[in-house]
């Protein structure tokens, strides 16, 4: 899962800090979620999906976060 999220984030040219700010969480908290040490909340998953859609990446939450 984590490589997929990182891959999508990198695909649209965003940093972990930018995603953390968008989600309203600390960069450390985001990093732990991206590497799989903590889980993303449902609303965070939706916000990430929305950010990807704005950048032209049409992917479902399942495609982004689950195998």
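In our numbering, the protein residues as written are 19 to 85. Glycine is no exception: its CB is placed at the ideal position from the N, C-alpha and C atoms. Only a predicted model underlies this, so the values are computations on that prediction, with no experimental measurement involved.
Taking only the alpha-carbon atoms, compute the straight-line gap between residue 53 and residue 28 and give it to the nearest angstrom. 14 Å
Tell me the rounded alpha-carbon separation between residue 59 and residue 31. Here the alpha carbons of residue 31 and residue 59 stand approximately 23 Å from one another.
Sequence-distant residues of the same chain with beta carbon closer than 8 Å to residue 57, five excluded per side: Shown here for residue 57: same chain residues with a beta carbon closer than 8 Å to its own, the five before and five after excluded, namely 51 in chain order.
Does the beta-carbon distance from residue 79 to residue 26 come in below 8 Å? no
Straight-line CA distance for residue 47 to residue 41? Whole-angstrom Cα-Cα distance: 10 Å.
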